[in-house]
Structures are given as structure tokens and as C-alpha cells.
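Numbering of the sequence shown is given in this note's numbering, commencing with residue 120 and proceeding in unit increments. The C-beta atom is built at its ideal place from N, Cα and C for all residues, glycine as well. As the structure is a prediction and not an experimental result, all values here were calculated from the model. Presented below is the structure to which this report refers.
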Amino acid sequence: MAGNITQQDDKLFISIQDKEYPLFYSKYDSKKINQYLTSNSSTQQRISVYPKISHSNKKDKVHTIKFRLLKFEPEISNTVTKGILQTFEPNEFKIFGLWQFLQQCQTPVISVYRNFDQYRFKELEKLEPKQQAKRIAPSHLPVMWENPPVQPVKLNSKQQHPYFVQVKAKFNPTTDMFEFDTLLSEPTKECPEYFKPNYKKTKSKEESKTNHAEGSISTAA
């Protein structure tokens with residue numbers, strides 16, 4: 120993403136088209152982030168982020184969005200880019216996840232889940248159920264997608280299996296939604312393992328994972 124970074128007390132924000140969004144980050148990254156901001160006088164920054172969406176259960180309230188700051192990217196004026204920046208413009212995202220309907224959102228979402236791996240599973244086993252659920256909570260990203268090749272499926276449907284989709288989409292601050300740009304791979308019902316939150320009881324080993332899908336995001340700075 121690209122925008123104007125401001126700091127208020129210990130909190131960071133990014134402004135895009137005159138709209139301000141919170142930035143959060145791991146406490147382990149706070150030192151290097153503060154060092155970077157101290158040594159860099161420019162507030163206009165290009166950053167890599169993960170989007171995090173919160174949906175309200177109240178019909179009269181819309182979703183809110185914040186971004187997890189991963190790292191600062193080279194200056195916007197720098198014409199030499201590497202990796203994902205070679206094919207992505209600012210505010211464009213690569214989104215992998217399940218194409219679904221969410222009750223709290225009128226727009227279909229791509230649900231991005233956390234990858235399953237044994238190391239993370241062992242770490243989760245040490246936590247209380249509420250902490251587990253928080254750590255592996257998916258992010259349901261609303262995506263405006265005209266004429267998609269497959270239809271979204273209701274979240275947790277017992278009759279239908281959702282498609283795993285991989286797309287490039289651009290974040291629109293006017294609507295706080297993502298707009299479909301490019302299909303990166305054909306939709307499929309075969310996808311990697313992922314952690315599925317269970318809010319009612321402690322997850323057993325088999326309940327902690329599923330082989331239905333995994334969502335992963337890499338972001339454009």
C-alpha cells in the first residue's frame with residue numbers, strides 16, 4: 120500500500136485518499152518500526168500489509184478495516200522493484216481463500232484462513248480456547264467481482280463446498296472493499312489445509328484443522 124503515515128501517541132495510521140486507517144503490528148516489530156520512522160523524515164510511505172476486517176452483527180453497521188504492518192518498502196520514486204512489486208501497483212493485493220457469502224456482509228467475501236502446520240498447531244495447543252480462536256480467526260474480505268466464474272457459497276454450508284479462489288484485487292477506500300482485477304488461477308474445490316476456528320469447545324487435533332482450504336495473502340506495497 121502507499122499512503123501518508125502518521126503517528127498519534129503509540130499508534131500508527133495510514134491515510135489513503137483522505138481516509139485514515141489504523142496500522143497494527145507485532146510487539147516484536149515495534150523497535151525496528153520506531154527506528155525506521157525516526158530515521159526517515161518522509162511521511163509518504165510504501166508498505167506491505169495484511170488487511171484485517173471486522174464485521175458487525177448489527178444490520179445498520181458496516182464492516183471496519185485495519186491493516187497489519189509487515190514492513191516498509193523502497194521509496195515510491197524508486198523504479199527498481201523486486202518480487203511481488205514487479206507485478207502489483209500500490210493498494211493491489213493477491214488474495215487466496217474461500218469464495219463465500221457471509222451473513223453480516225451484503226457483498227460476497229473471500230475468506231482468508233491461517234495455514235495449517237505442525238509447529239503452529241503445537242503452539243496453539245498451549246493456549247486456552249478463546250486465545251486459540253483469536254489466533255486463527257479468518258479475515259473475510261468483501262470483494263466486488265462482476266460475473267465471477269463460480270458462485271459463492273454460504274459460510275459453513277453443509278450442502279455445498281466453497282471454491283478456493285486466487286485473485287488479484289485492488290483496495291478501494293471509498294467503499295472499504297476490494298475490487299476484482301485478475302484471476303490468478305482457476306477456481307478449485309481442492310485446497311491446502313487450514314485452521315478452522317471452533318468457538319464452542321476446545322479443538323481436538325482433528326477439529327483444529329481441515330483439508331478444505333487455506334487462504335493466504337501477499338500484499339502489494
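Residue span of the beta strand (DSSP E) that contains residue i, given as start and end
i, result
"K138", "K138 to F143"
"F132", "K130 to I135"
"L189", "T183 to F191"
"K287", "Y282 to N291"
Residue i versus the options, residue with shortest Cα-Cα distance
i, options, result
"T293", "D137, Y147, F132 and I133", "D137"
"E298", "V272, R239 and I229", "I229"
"N266", "L302, V231 and Q250", "L302"
"K287", "V168, E309 and I214", "I214"
"S173", "Q154, Q222, N153 and Q237", "Q222"
"N275", "P306, P316, K241 and L260", "P316"
"L260", "F290, Q250 and Q270", "F290"
"K273", "N176, Q225, S175 and D129", "Q225"
"P306", "D295, Q285 and M296", "Q285"
"K190", "K249, F212 and S149", "S149"
"A121", "L131, S167 and F314", "S167"
"V231", "L243, F212, K245 and K249", "F212"
Cβ-based burial, residue i [other Cβ within 10 Å; buried from 16]
i, result
"S111", "Any question about residue 111 goes unanswered here, given that the chain covers just 120 to 340."
"E192", "buried"
"K328", "Here K328 scores only 47 on pLDDT, less than 50, and its place in the model is too uncertain to base an answer on."
"N210", "buried"
"P271", "buried"
"Y238", "exposed"
"Q251", "buried"
"E247", "exposed"
Rounded straight-line distance, which links the Cα of residue j to that of residue i
i, j, result
"E139", "K151", "23 Å"
"D300", "P227", "15 Å"
"K185", "P170", "6 Å"
"A256", "Q154", "30 Å"
"Q386", "F207", "This structure leaves residue 386 out entirely; the chain is present only between 120 and 340."
"N123", "S134", "5 Å"
"T125", "D295", "20 Å"
"D129", "K241", "32 Å"
"N176", "T183", "12 Å"
"Y313", "M263", "24 Å"
"R233", "C310", "13 Å"
"K253", "K245", "14 Å"
Residue range of the alpha helix (DSSP H) that includes residue i
i, result
"R254", "P248 to R254"
"F240", "Q237 to E244"
"L303", "Unbroken run through L303 is the beta strand (DSSP E), M296 to T307; no alpha helix (DSSP H)."
"L260", "Not the alpha helix (DSSP H): L260 falls in the beta strand (DSSP E), residues S258 to M263."
"Q154", "S149 to S158"
| field | Three or more C-beta pairs below 8 Å linking the stretch 205-218 and the stretch 141-155 | value | no
Could you say if the stretch 273-287 and the stretch 149-160 meet the contact criterion of at least three C-beta pairs nearer than 8 Å?
-> no
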